[in-house]
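*Asks:* Take the sequence shown: its position 23, counted from the start at 1, is 23 in my numbering, and no numbers get skipped. Cβ atoms here follow ideal geometry from the backbone N, Cα and C, with glycine treated the same way. Every value quoted in this text rests on a predicted model; they were computed, and no experiment measured them.
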Amino acid sequence: MTQITVALGEYSYPILVQPGALEKAAKHLGGFASNQRLFVLTDEHVGSHLLPRLERALDGSVIDLVVKVLPAGEASKSWRQLEMVTDWLLAEGVERSDTLVALGGGVIGDLTGFAAAIVKRGCGFVQIPTSLLAQVDSSVGGKTAINSSAGKNLIGSFNQPRFVLIDPLVLNSLPDRELRAGYAEVIKYGLINDKHFFDWCETNGSRLLARDPDALSEAIIHSVRAKALIVGEDEKELSGRRALLNLGHTFGHALEAETGFSGRLVHGEAVAAGMALAFGYSVRRGHCAAAEAERVTTHLQSVGLPYSLASASVRASGQRLVDHMMHDKKMSGGTLPFLLANGIGQSFLAKDVDLSDVASFLDETD
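#1: Within the chosen definition, does the stretch 237-256 reach the stretch 44-57 through at least 3 CB pairs nearer than 8 angstroms?
#2: Per DSSP, what kind of secondary structure is Ser131 in: helix, strand or coil?
#3: Rounding to the nearest angstrom, what Cα-Cα distance links Ala316 and Val283 in this structure?
#4: Does Ala346 come out as helix, strand or coil in the three-state DSSP assignment?
#5: Do you know offhand how far Ser131's Cα is from Gly106's?
#6: For Ser273, which of helix, strand or coil comes out of DSSP?
#7: Looking only at C-alpha atoms, which of Asp323, Ser332, Gln319, Ala350 sits nearest to Glu364?
#8: Just verifying my parser: in three-state terms, what is the DSSP assignment at Asp64?
#9: Suppose contacts are defined by Cβ-Cβ distances below 8 angstroms. Is Leu191 in contact with Met275 by that definition?
#10: Tell me which residues share the same chain as Ser223 and place their Cβ nearer than 6 angstroms to its Cβ, disregarding the 5 neighbours each side in the sequence.
#11: Under a three-way DSSP split, which group does Ala210 fall into?
#12: Quickly, what does DSSP pair Gly156 with across the bridge? List them, please.
#13: Taking DSSP as the reference, what is the three-state secondary structure of Gly240?
#14: When the Cβ atoms of the stretch 30-48 are set against those of the stretch 65-78, are three or more pairs found closer than 8 angstroms?
#15: Check Ala310 in the structure and name its three-state DSSP category.
#16: Exposed or buried, Gly263, counting other C-beta atoms within 10 Å across all chains shown (16 or more means buried)?
#17: Put Phe197 into one of helix, strand or coil per three-state DSSP.
#18: Between the Cα of Met84 and the Cα atoms of Asp323, Glu10, Asp366, Ala115, which residue gives the shortest distance?
#19: Starting from Gly252, trace the beta strand (DSSP E) in both directions and tell me its first and last residue.
#20: Could you pull the start and end residues of the beta strand (DSSP E) that Ala163 belongs to?
#21: Which one of Ser308, Ile155, Glu44, Ile344 has the shortest CA to CA distance from His196?
#22: Could you have a look at Gly124 and say whether DSSP puts it in helix, strand or coil?
#23: What's the call for Leu336, buried or exposed, on a 16-neighbour Cβ count within 10 Å?
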């Protein structure tokens, strides 16, 4: 068992990483059921596999579960589903002292956290992330949001959970594609500021994707510690430190928008291609050696992740992709900061990027 704290003063909270933790949910969640009940949100896929396990874990306790099962997929991060969830909570008599539980991946976590932020002006929530991407990234840090017609995650708030419960064993039922997509976010921690961890990924990535329990646990713990440290230093991206966590996301969100936020390209795959593009563009600007960018591309390709526009099955003009970027929430004063790199483990925020040059780069990139 490993416990990590996100240090945010009165909003600090623990993250527990423990194989088999789901079966001990009564012990871990009992303190959050102030009215002897928990409001659980999950999706159809996760619910069929893991909701019965959570129910069994709480059988015999005084905790009642009030459950809402949502459609699986990115489309659930919408105004329509947010309205449905908040109406359901109010109809069930939710009180401000109640706790919502997000049992699922990033979509369920984002939607639950945002609903918790706004229903009755805020109630608490707990994350039980069930995908690798959610365990190493989206469940930690308090970013909650839904998508809009203008782009991804543009409607939301910072709302820190009260507790994050991570059970690496739940990943055994995760589809291979989703495991690979989550691994992109693991790689990210090496690329932004930890070259030695990227070395570890090159050596152990195949073990992780083969579901080796030691490799999974090590990657999860390392990633969560890295993110918790950054979030503790810059909760709301005011200093720019937390912006490092967006490596690959500006390009990646544009790819997701182009593919309609659909199953054609899931978030982690878009981030993988986006990181490769960020390193490629860093080479173009003279920041990064071509060999460093090639090393990133080679590793992504070796584990079956997209590493280019073509491998992400995106065929669009550079200007069209830049038009998607214009809706990025980081846009300020007509300028969009980009996460670029001087090399592996040496990412930085560039605020002088000419979007017309980005469009030209994308047109010249396979």
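*Replies:* Inspection of the coordinates gives the following:
#1: no
#2: coil
#3: 22 angstroms
#4: The question names Ala, but residue 346 in the sequence shown is Gln. Three-state DSSP puts Gln346 in coil, outside helix and strand.
#5: 8 angstroms
#6: As written in the sequence, residue 273 is Ala, which differs from the Ser given in the question. Of the three classes helix, strand and coil, the one that applies to Ala273 here is helix, per DSSP.
#7: Gln319
#8: strand
#9: yes
#10: Val136, Val186, Tyr189
#11: coil
#12: Ala145
#13: coil
#14: yes
#15: coil
#16: exposed
#17: helix
#18: Ala115
#19: From DSSP, Gly252 is part of no beta strand (DSSP E) but of the alpha helix (DSSP H) over 249-258.
#20: Checking the sequence, you will find Phe at residue 163 rather than Ala. Taken as a continuous stretch (DSSP letters only), the beta strand (DSSP E) holding Phe163 covers 163-166.
#21: Ile344
#22: strand
#23: buried
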